[in-house]
Amino acid sequence: MTDTIAHVSLTQPVDTLAEELGRSFSEFGFAVISDHGIDQDLIARAERLSREFFALSEDTKRAYFIEGGGGARGYTPYRTEKAVGYDTTDLKEFWHVGRTLPDGDPLAEFMPANVWPAELPEFREVYEALYAEFDKAGLKILSAIAIHLGLAPDWFDATVDQGNSVLRLLHYPPVENAEGAVRAAPHGDINTITLLLGAEEAGLELLSQQGEWIPVSPPPGALAVNIGDMLSRLTNDRLRSTIHRVVNPKGEASRRSRFSMPFFLHFRPDFVIETLPQCVDAEHPDQYEPLSSHDFLMQRLREINLTK
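Dropping the structure here:
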């Protein structure tokens, strides 16, 4: 077995893609994916708007902070979120875009309405378009994962249809005199899979099964994709939700902001995460009780200081 994170193209034959992703997700919980189909001009517009938003005044940004909203939509101020088991907050601020539902949709009780900054008129159009593109790329990746698990290629489609996915615009401000400082403490993601744009800036690291921190360094425009806790739970940890962190890089890069855009792809709120039978055997007994994805999400949001 090769011992490196897979670098694959979504244009590869699906059986090859399934094999490569399955190996990488089982060993590292991460893979790097190019040719993902998300328009580069759209990405460039989204990156520009993210920088413009975070450059606004503190008072302007805080006007979009929703008290008691669990960070689900709008702005979350610097040093609010913390990793499970850590007392210190992460050195980041962020904005969340969720799914736009039609009026009267029964899932609206789980997904609050989006808010949009009036200062940036293009904001809604660009990020709703990017959200839809992430949704499409995520389905392709999940199809390859399904094949790896011996499921029908479209098995995940119904589980994530109208899923409670979140697009996060992330800003890590410069940290003075702090080369190697931890900007985001070691953590696992809550969701199904995460698709990350902007990871080419040094700093993202995963914790290997041997206990070593390994840099994750996609080429410009590629996605870093990782398994979240929900999919890890569904597969009885056959596919690994790997602990990862963001550290302040060395040299000139340590003195500038870091921007990225993770898309946290979620199951539907009413989907029950129940261990797949093919992921259970004598050596790997079932570790998990069935639990709805919404209940699991609420449990985890309390642990990371985003809701009470």
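Counting in my numbering, the sequence shown runs from 12 upward without gaps. Virtual Cβ for every residue (Gly too), placed ideally from N, Cα, C. Computed from a prediction, not measured in an experiment: that's the story for all the values here.
Quick one: complete alpha helix (DSSP H) runs, 4+ long, within the segment 256 to 302?
The alpha helix (DSSP H) runs lying completely inside the segment 256 to 302 and spanning 4 residues or more number zero.
According to the neighbour-count rule (16 or more other Cβ atoms, all chains shown, within 10 Å of its Cβ), is GLY174 buried or exposed?
Within 10 angstroms of the beta-carbon of GLY174 lie 16 or more other beta-carbons, which makes it buried.
Assigned exposure category for TRP106 - 16 Cβ within 10 Å defines buried
Buried: at least 16 other Cβ atoms inside 10 Å.
Have a look at HIS159, GLU216 and ILE201 and flag the residue whose alpha-carbon is nearest the alpha-carbon of LEU28.
Cα-wise, what sits closest to LEU28 is HIS159.
What first and last residue would you give for the beta strand (DSSP E) that runs through ILE44?
Segment 41 to 45, the beta strand (DSSP E) holding ILE44.
Residue from HIS182, TYR299 and ALA83 with nearest C-alpha to ALA119:
Of the listed residues, the one whose Cα sits closest to ALA119 is ALA83.
Are there 16 or more other CB atoms within 10 angstroms of the CB of ARG62, so buried, or fewer, so exposed?
Exposed: under 16 other Cβ atoms inside 10 Å.
For LEU150, collect the residues of the same chain with a Cβ closer than 8 Å to its Cβ; drop the 5 residues on either side in sequence, then sort them by chain order.
Taken in chain order, the residues that qualify are PHE167, ASP168 and VAL171.
Could you spell out the range, first to last residue, of the beta strand (DSSP E) harbouring SER20?
Start and end: 18 to 20.
For a minimum of 3 consecutive residues, which ranges assigned as the beta strand (DSSP E) are wholly contained in the segment 79 to 159?
The qualifying runs are 85 to 87 and 104 to 108.
Taking the straight line between their C-alpha atoms, what separation do you get for ALA163 and TYR183?
Spanning the two alpha carbons is a distance of roughly 40 Å.
Near VAL257, what residues of its chain come up, given a Cβ to Cβ distance below 6 Å and the 5 sequence neighbours on each side ignored?
Excluding residues within five positions, the ones whose Cβ falls inside 6 Å are ARG194, ALA195, GLY214 and LEU215.
LEU162 in three-state terms, based on DSSP
It is coil, neither helix nor strand.
Does the segment 44 to 52 touch the segment 14 to 27, meaning 3 or more C-beta pairs lie closer than 8 Å?
Yes, the segment 14 to 27 is in contact with the segment 44 to 52.
Pick out whichever of GLY81, VAL236 and GLU314 has its Cα sitting closest to the Cα of PHE36.
Nearest of GLY81, VAL236 and GLU314 to PHE36, Cα basis: VAL236.
Would you report the Cα separation of ALA210 and LYS261, rounded to the nearest angstrom?
Taken atom to atom, the span from the alpha-carbon of ALA210 to that of LYS261 is near 16 Å.
Pair within 8 Å by beta-carbon distance, HIS295 and ASN259
Judged by their CB atoms, HIS295 and ASN259 are not nearer to each other than the 8 Å cut-off.
Quick check: the Cα distance between GLU69 and ARG269, rounded to an integer number of angstroms?
Each residue's alpha carbon lies about 18 Å from the other.
Going by the CB atoms, is the gap between MET272 and ALA57 shorter than 8 Å?
Taking 8 Å as the Cβ cut-off, ALA57 and MET272 qualify as a contacting pair.
Let me make sure I understand the geometry here. Which of PRO113, GLY115, ARG90 and ALA264 has the alpha-carbon closest to that of GLU212?
When only C-alpha atoms are compared, the closest one is ALA264.
What number of angstroms, rounded off, separates the C-alpha of TRP127 from the C-alpha of ARG267?
Distance between the alpha carbons of TRP127 and ARG267 is about 27 Å.
Considering ALA213, what are the terminal residues of the alpha helix (DSSP H) in which it resides?
Taken as a continuous stretch (DSSP letters only), ALA213 belongs to no alpha helix (DSSP H), as it is neither H nor E.
Selected residue, minimal CA-CA separation from ILE180, among PRO132, ARG311, ALA129 and LEU206
Before going further, note that residue 180 is Leu rather than Ile in the sequence given. Closest in alpha carbon position to LEU180, among PRO132, ARG311, ALA129 and LEU206, is LEU206.
Quick check: the segment 219 to 237 against the segment 124 to 144, are at least 3 beta-carbon pairs closer than 8 Å?
Counting C-beta pairs closer than 8 Å gives fewer than three between the segment 124 to 144 and the segment 219 to 237, which falls short of the contact rule.
Which residue's Cα is closest to the Cα of PRO288: GLY161, ALA155 and SER154?
If we check each option's Cα against that of PRO288, GLY161 comes out closest.
Write down the C-beta distance between ILE254 and PRO197 rounded to the nearest angstrom, noting that I regard them as a contact closer than 8 Å.
Yes, they are in contact, since the Cβ atoms of ILE254 and PRO197 sit about 5 Å apart, within 8 Å.
Would you identify the three-state DSSP class for ALA57, choosing helix, strand or coil?
DSSP, read as helix, strand or coil, puts ALA57 in helix.
Could you tell me the distance, in whole angstroms, from the CA atom of ILE77 to the CA atom of ALA124?
So the two alpha carbons sit approximately 11 Å from each other.
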